[in-house]
Amino acid sequence: MTHDEIRELLHGYVDCELDLFNTREVEQHLRDCDECRSMDEQIRGLREALTSDGPAYRAPAGLRRSIRTALRREARADEKKLPAWLIFATGAAFAAVILGFALFQKIGNSHQDAIVDQVVANHVRSLLATHLVDIASSDQHTVKPWFDGKVDFAPDVHDFAMSGFPLVGGRLDYLNGKTVVALVYQRNKHPINVFIVPASAGGDTSPAPFTRRGYNLLSWVYRDMRYWVVSDLNGTELRQFANLLAR
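Numbered per numbering that gives the first Met the number 0, the sequence shown spans residues 0 to 246.
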């Protein structure tokens, strides 16, 4: 099997959904491929985060007050005319609201944390493996056409050398189960990775900051594209760079 074919099977392999032949093919490939082995570990980490018992999340204070008030009002109005089982059912329904909120928040945060970890891992791997770019060029008209036919969207590519952030080149990478565009810029001696993938939903958003393992990250949606920017550059200059991308 090819490298890309193995990548497509990794999620099924982690979930034990492959037949014996494909399972052996993936296992053999993982023994020889550091990149796919790292991807396998990331997928397993995400799966564990989504299924393990996480910390308890409290509903916002306003929601808790509203639920308590509604419960007291319901009890006073109905305790004289409703059977006990119905009063209990009402309380259980409100409890389900809190439980649903906690589960939604846990899953959302776990998924986002897993992607942040993947972004940082991809950035570090690109530096350690001396595979920072597949196409090395500061010419945006050379870098952008290189992605034609390799991804099913057209990324915006610009050189910001006049602002102190020259374009270095680009490559293909893999993030959250998808092939993504990775553009590489530089600020003095600090490489900056920019991962671009079509956004799943929603309009434009402002850059949201994250930090992980000494790296600064920003993520936002602009013109239906999700951007992830990561570097060891300080947060102020990284936001300055993000503002150039989002205008």
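Note that the Cβ used here is the ideal one computed from N, Cα and C, for glycine as well.
Assigned secondary structure, residue i (DSSP; H/G/I helix, E/B strand, else coil)
{"i": "GLY169", "result": "strand"}
{"i": "VAL183", "result": "strand"}
{"i": "SER218", "result": "strand"}
{"i": "MET224", "result": "strand"}
{"i": "ARG238", "result": "helix"}
{"i": "ASP151", "result": "coil"}
{"i": "MET161", "result": "helix"}
{"i": "VAL156", "result": "coil"}
{"i": "GLU16", "result": "coil"}
{"i": "ALA101", "result": "Only weak support is given to the placement of ALA101: the predicted model assigns it a pLDDT of 47, under 50, and the question is left unresolved by the model."}
{"i": "CYS35", "result": "helix"}
{"i": "GLY11", "result": "helix"}
{"i": "THR1", "result": "coil"}
{"i": "ASP112", "result": "helix"}
{"i": "ARG23", "result": "helix"}
{"i": "ALA120", "result": "helix"}
{"i": "ARG30", "result": "helix"}
{"i": "ARG246", "result": "coil"}
Test item: CB-CB of residue i and residue j under 8 Å
{"i": "PHE194", "j": "VAL183", "result": "no"}
{"i": "VAL229", "j": "LEU216", "result": "yes"}
{"i": "VAL167", "j": "ALA135", "result": "yes"}
{"i": "ARG238", "j": "ALA198", "result": "no"}
{"i": "TYR221", "j": "ASP203", "result": "yes"}
{"i": "SER137", "j": "PRO154", "result": "no"}
Exposure of residue i, with buried meaning 16 or more beta-carbon neighbours within 10 Å
{"i": "LEU19", "result": "exposed"}
{"i": "PRO206", "result": "buried"}
{"i": "GLN117", "result": "buried"}
{"i": "PHE152", "result": "exposed"}
{"i": "ASP39", "result": "buried"}
{"i": "ASP14", "result": "exposed"}
{"i": "HIS130", "result": "exposed"}
{"i": "ALA160", "result": "exposed"}
{"i": "PRO54", "result": "For PRO54, the predicted model reports a pLDDT of 47, less than 50, meaning its position is unreliable; a value from the coordinates is still stated below. It counts as exposed."}
{"i": "LEU127", "result": "exposed"}
Sheet register partners of residue i (DSSP bridge)
{"i": "ILE191", "result": "TYR184"}
{"i": "THR141", "result": "According to DSSP, which records beta bridges pairwise, THR141 is partnered with nothing at all."}
{"i": "ILE134", "result": "GLY169"}
{"i": "PRO208", "result": "LEU217"}
{"i": "SER230", "result": "ASN215"}
{"i": "LEU174", "result": "LYS177"}
{"i": "VAL196", "result": "ARG225"}
Residue from the options whose Cα sits closest to the Cα of residue i
{"i": "ALA200", "options": "ASN192, ILE134 and ASP223", "result": "ASP223"}
{"i": "LEU232", "options": "ASP158, TRP219, ARG246 and ARG212", "result": "ARG212"}
{"i": "ARG267", "options": "SER125, LEU17 and ASN187", "result": "Only positions 0 to 246 of the chain appear in this structure, which leaves residue 267 out of reach."}
{"i": "GLY176", "options": "MET0, ASN121 and ALA153", "result": "ASN121"}
{"i": "ASP172", "options": "SER137, HIS189, VAL150 and ALA160", "result": "VAL150"}
{"i": "LYS188", "options": "ASP31, GLY163 and TRP145", "result": "GLY163"}
{"i": "TRP227", "options": "ASN192, ARG246 and GLN239", "result": "ASN192"}
{"i": "ILE42", "options": "GLN27, GLU24, VAL25 and TYR12", "result": "TYR12"}
{"i": "ASP112", "options": "LYS143, LEU174, PHE159 and ASN242", "result": "LEU174"}
{"i": "ARG186", "options": "ALA241, LEU17, PRO144 and LYS143", "result": "ALA241"}
Residue i: CB within 7 Å of a non-hydrogen atom of the ligand FAD
{"i": "ASP33", "result": "Because no ligand of any kind appears in the structure shown, any question about the ligand FAD cannot be addressed here."}
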